[in-house]
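In terms of my numbering, the sequence shown opens at residue 23 and continues consecutively.
Each residue gets a CB set at the ideal place from its N, CA and C atoms; glycine is no exception.
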Amino acid sequence: EIMKRLGDEHGQSMILMLLCMTCLLGFTAFATDVGLLFRAKRNIQIAADAAAIAGAAELNYTDLPPVTAAKAAAAQNGVTDGSNGTTVAVNIGPSMGPHAGNTAYVEVIASQSQPTFFMKLFKRSSMTVSARAVATNGTGQGCIYTLGTSSSDGITGSGDRKSVV
């Protein structure tokens, strides 16, 4: 009787299916949390970029301090210093990189705590995403900003002034 039960293969496919479903659901949960963290990283990078540009735009003027302008631009993009575990640090003269200490540049480092949903099972209830941006004033009179530094990465115009290619 015992040997007959040990040789019975009924239910094996159910066990394998449950193991596979557990793995698939685990990967889906992990992908969900990571996707939300990438989205949060993109949003905080947008805010840091806008803040650095706003701070650099105020370097040549005395009406608004660059730090105030940078933090206001970050807040307009949903990243407010001091709220919900968010910090926005503005440095006139970057703290690192090729322009470190050069007061013609504005550096913004923003970080924000993001809640996780499925990683809580592994005792990770939140993770911190951060972004860094550095900006300066260019020498031209342009009104369009691009992130590329070479002519092939930027925007080029042709014909009359109304068309941009």
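For PRO137, the secondary structure class from DSSP, reduced to helix, strand or coil, is strand. Put simply, the backbone Cα of HIS121 is about 11 Å away from that of ILE114.
In terms of Cα proximity to ALA91, the closest of ASP71, GLY107 and SER105 is ASP71. The C-beta of ALA79 has 16 or more other C-beta atoms within 10 Å across all chains shown, which makes the residue buried. Annotation: the continuous beta strand (DSSP E) that includes VAL156 extends over 148-158. When Cβ pairs closer than 8 Å are counted between the two stretches, the segment 47-55 is seen to touch the segment 138-149, the count reaching three or more. Closest in alpha carbon position to GLN98, among ALA51, LEU38, LEU47 and ALA73, is ALA73. Contact annotation: the segment 127-137 does not touch the segment 33-51, with fewer than three C-beta pairs closer than 8 Å. At least 8 Å separates the beta-carbon of ILE75 from that of SER152. For THR108, the uninterrupted beta strand (DSSP E) segment begins and ends at 108-114.
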